[in-house]
Amino acid sequence: MKYQVQENCLTIYLPKEVDHHNAEEMRKNADAMIEQNHIRYLIFDFAQTEFMDSSGIGVIMGRYRTICLLGGEIWAVHTNARMKKILTMSGMTKLLQIYEEN
Amino acid sequence: MAITNEMKLIFDSRSENESFARVTVAAFLAQLNPTFEEVADVKTALSEAVTNAILHGYEEEVHNITIHCTIREQEITIEVRDEGRGIEDIEKAMEPLYTTRPEWERAGMGFAFMEAFMDHLEVESTVGCGTLVRMKKTIGEGRESWITQSL
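Just so you know, the protein sequences line up as chains A and B, in that order.
Everything in the first sequence is counted per the UniProt record's numbering, starting at 1 for the first residue and increasing by one.
Everything in the second sequence is counted per the UniProt record's numbering, starting at 1 for the first residue and increasing by one.
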C-alpha cells in the first residue's frame, strides 16, 4: 500500500481490493502515520480500487473517529460509480466528502 | 425448477482466501451473462458472508468454509456454511451497525450489505454448531422489460 504525507495531510492510496484481508494492515499503518505526523486531513485515494466491502467501511469509520477528535477532515478522491454507491449506502458520505473533478 | 448447474467449494478460513472465493463465484456466475454491477453485487455479498465465517464463526481459527452455488434458470443461490460458534441472536446480528466486535472495528454492515445486494437472504444458525447463510439473486431481471415495456 502506498502512502504520502504532505505537512498535516495524509493520502492513502487504496489497493485494487479493500477487504478484511488487507484492512488490518491499512489500519495499523494509517494510525501510526496519523500519530507520527500530526495529521489533520486524511485523503482516501480510490483510483486503483475496484472492490470494497464493509471491512473497508470499518477502516474509514475508525479513522474518522480519530481525525474528528483531532478536529480534522476526511476526503475521498477518484471514486468510481461502484465506490460512490458503497460509500453512499453505508452512510459514509455523511462523514467524508467526495471530491469530484470536472 | 430443476437445478441447471451447481458447484461446491471448500477452503480454509484464511483471510487470503476471501478474494479467491469472490473470484471463483464470479467466474461461476459468468454463465448467466451478468452485468458488471450484478457481478460486483454478488462479490460484495459473498465477501461479507465469508468474512463473517472467518471472524465471527471461527474467530480466526483455521477450519473449513463451504460455498455451495446452484443455478436455476436465471437465479443463483449461494450458500456459505461454517461449523463455528454460531449466532445467539440472529435478529440482533442482522441489525445495521450492530457488531459483537467493535474492538476489531467492524462496521456492523455485513448482513445489511448482503440484504442490499442480493434479492433474498436467509440465515440459519445453531450455537456451537455453525451458521448457514443462503442468498439468492436473479440475474438479468428487468433488463428485457426496458425494451418490451410499453410507455
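Even for Gly, the Cβ is constructed at its ideal location relative to N, Cα and C.
All figures in this text were calculated on a predicted structure; none of them were measured in a lab.
- Does the Cβ-Cβ distance between Met135(B) and His120(B) come in under 8 Å? yes
- Thinking just about the alpha-carbon of each residue, which of Arg40(A), Thr79(A) and Leu95(A) is nearest to the one in Gln48(A)? Thr79(A)
- Item | First and last residue of the uninterrupted beta strand (DSSP E) at Ala76(A) | Glu73 to Val77
- Message: Under 8 Å, Cβ to Cβ, is there at least one residue of chain A near Gly110(B)?
- Response: yes
- Query: Should the segment 31 to 49 of chain A be called in touch with the segment 78 to 95 of chain B, which here means at least 3 C-beta pairs below 8 Å?
  - Reply: no
- Query: Under a CB-based cut-off of 8 Å, is Phe44(A) close to chain B?
  - Reply: no
- Message: Does Glu6(B) come out as helix, strand or coil in the three-state DSSP assignment?
- Response: strand
- Which whole-angstrom value describes the C-beta separation of Phe11(B) and Ile65(B), a residue pair presumed to lie in contact below a C-beta threshold of 8 Å? 6 Å
- Cβ-Cβ distance between Ala49(B) and Gly58(A) below 8 Å: no
- Among residues of its own chain, excluding the 5 on either side of residue 195(B), which ones have a beta-carbon nearer than 8 Å to its beta-carbon? As shown, chain B starts at 1 and ends at 151. That puts residue 195(B) outside it, with no answer to give.
- Item | His56(B), buried or exposed, once every other Cβ within 10 Å from all chains shown has been counted against 16 | buried
- Round the Cβ separation of Gly130(B) and Asp89(B) to the nearest angstrom and send it over; I've been treating them as touching at under 8 Å. That belief does not hold up - the Cβ atoms of Gly130(B) and Asp89(B) are roughly 16 Å apart, past 8 Å.
- Query: What number of angstroms, rounded off, separates the C-alpha of Asp53(A) from the C-alpha of Leu95(A)?
  - Reply: 17 Å
- Query: Using the C-alpha atoms, what's the distance from Lys137(B) back to Phe28(B)?
  - Reply: 14 Å
- chain B partners of Asp31(A), CB-CB under 7 Å? Result: empty, since nearest Cβ-Cβ is about 10 Å, beyond 7 Å.
- In the DSSP assignment, find the beta strand (DSSP E) that holds Cys129(B) and state where it starts and stops. Premise fails: Cys129(B) is in no beta strand (DSSP E) and is neither H nor E.
- Are the beta-carbon atoms belonging to Leu69(A) and Ile39(A) less than 8 Å from one another? no
- Task: Please decide whether Ser13(B) counts as near chain A, where near means a Cβ-Cβ distance under 8 Å.
- Result: no
- Pro102(B): buried (16+ other C-beta within 10 angstroms of its C-beta) or exposed? exposed
- Would Asn33(B) be called buried (16 or more neighbouring beta carbons within 10 Å of its own) or exposed? exposed
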